[in-house]
Structures are given as C-alpha cells and as structure tokens.
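Visitor: Okay, here's the structure, questions in a sec.
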Amino acid sequence: MAIRTYAKSIVYGGMDGIVTTFAVVAGSVGGNLGITPIIILGFSNLLADGFSMAVGDYLSSTTEENHDRSHAFKNAGATFLSFNLFGLIPLLSYILINVVNLFQHHTFWIACLLVSVALALLGLVKALITETHKGKEILRTLSVGLLAALFAYYIGQFLGYLAGTL
Numbered sequence: 004m005a006i007r008t009y010a011k012s013i014v015y016g017g018m019d020g021i022v023t024t025f026a027v028v029a030g031s032v033g034g035n036l037g038i039t040p041i042i043i044l045g046f047s048n049l050l051a052d053g054f055s056m057a058v059g060d061y062l063s064s065t066t067e068e069n070h071d072r073s074h075a076f077k078n079a080g081a082t083f084l085s086f087n088l089f090g091l092i093p094l095l096s097y098i099l100i101n102v103v104n105l106f107q108h109h110t111f112w113i114a115c116l117l118v119s120v121a122l123a124l125l126g127l128v129k130a131l132i133t134e135t136h137k138g139k140e141i142l143r144t145l146s147v148g149l150l151a152a153l154f155a156y157y158i159g160q161f162l163g164y165l166a167g168t169l
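Per our numbering, residue 4 is the first one in the sequence shown, and the count goes up by one each step.
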C-alpha cells in the first residue's frame with residue numbers, strides 16, 4: 004500500500020482533526036469554561052467528527068463513476084485514523100495536566116505549542132507526499148490552523164462574555 008494512495012485522506016483528516024479539536028479547546032478557553040468541559044467537548048468532537056469525516060469520505064468516494072467500494076472504505080479508514088491521531092494532539096496537555104506539573108500552569112500555551120508542531124509536521128508530510136515546496140506547505144498549514152484557533156478563541160471569549168462566564 005503506497006501512502007500516496009491515501010495522501011488526500013490522511014492530510015484532510017489530519018488537518019481537520021487538529022483544527023476542529025483545537026477550535027473546541029480554544030473556544031472553551033476563550034469562554035473560560037474550565038478543564039472538564041474542554042475534555043468532554045474535545046473528546047466528543049474528536050470521535051463524532053472523526054466518524055462523520057470518515058463517512059463523508061466514503062460517501063464522496065462512492066459517488067464517482069467506476070468507484071471501488073473497497074478503496075472508498077480504506078480512504079474512510081485513513082481519514083478516521085488520521086483525524087483521531089492528529090486531533091488528539093490539542094487535548095494532550097489537558098490529558099496530562101495532573102501528570103506533568105508544568106502543564107497545570109501553562110496548559111493552553113502548551114496545547115498551542117503542540118498544535119503548532121503538529122501543524123508544521125503535517126505541512127511537511129503534505130510537502131513530501133506531493134513533492135511541493137516544504138517551507139510553503141508548512142507555513143500554509145500552520146497559518147490556516149492557527150488562524151482558525153484564533154477565530155475560535157475570540158468567538159468563545161465573546162460568547163463567554165454574553166453568557167457571563169468572563
């Protein structure tokens with residue numbers, strides 16, 4: 004099995020896994036919701052959205068003429084695994100908050116750092132698979148992911164203000 008065969012599903016699932024899960028984290032932090040809601044919402048999003056993405060990949064793959072259901076199923080599996088593996092990264096500092104003392108005081112900033120590294124690595128993987136410019140792909144992937152997180156943070160902050168949590 005060549006990784007290029009599933010490159011679209013891996014990059015698509017990984018990028019969406021990082022971005023949507025970190026958006027949940029950033030919005031929750033912006034809204035001052037606390038650790039428990041971040042973990043509950045983060046994992047709920049991770050599993051449900053990962054499943055949804057996999058089903059969407061399968062259904063979109065089977066709409067093409069001459070579709071191969073076995074290949075579509077493998078694409079869906081690659082999307083689900085990639086979404087969940089990469090999507091777990093934004094939650095790591097919250098999972099390890101009671102294990103690593105540093106995480107207790109800088110949880111969100113460590114999550115930001117882990118997400119930035121993961122986005123950069125995903126951009127590098129995309130560049131290697133597609134044989135495109137590494138720096139450009141890393142910067143593009145990092146920029147899109149962090150912009151989405153920043154947007155989610157401020158939406159969470161605004162909604163937290165309206166709800167009285169700030």
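Positions of the beta carbon are idealized from the N, C-alpha and C atoms, including for glycine.
Determine the contact status of Ile100 and Ile43, defining contact as a CB-CB distance below 8 Å.
Guide: No, the Cβ-Cβ distance between Ile100 and Ile43 is not below 8 Å.
Visitor: Val28 to Leu117, Cα distance in whole Å?
Guide: Between Val28 and Leu117, the C-alpha separation is close to 13 Å.
Visitor: Which residue wins for smallest C-alpha separation from Leu46, given the options Leu94, His108 and Val103?
Guide: What sits at residue 46 in the sequence shown is Phe, not Leu. For the residues Leu94, His108 and Val103, the minimum Cα distance to Phe46 belongs to Leu94.
Visitor: How would you call Asp3, buried or exposed, if buried means at least 16 neighbouring beta carbons within 10 angstroms?
Guide: As shown, the chain starts at 4 and ends at 169. That puts residue 3 outside it, with no answer to give.
Visitor: How would you write the range of the alpha helix (DSSP H) that Asn48 sits in, first residue to last?
Guide: Start and end: Ile38 to Ser64.
Visitor: Looking at the secondary structure, which residues open and close the alpha helix (DSSP H) in which Thr110 lies?
Guide: Start and end: Thr110 to Thr133.
Visitor: Can you say whether Val128 is buried or exposed, counting buried as having 16 or more other CB atoms within 10 angstroms of its CB?
Guide: So Val128 ends up on the buried side.
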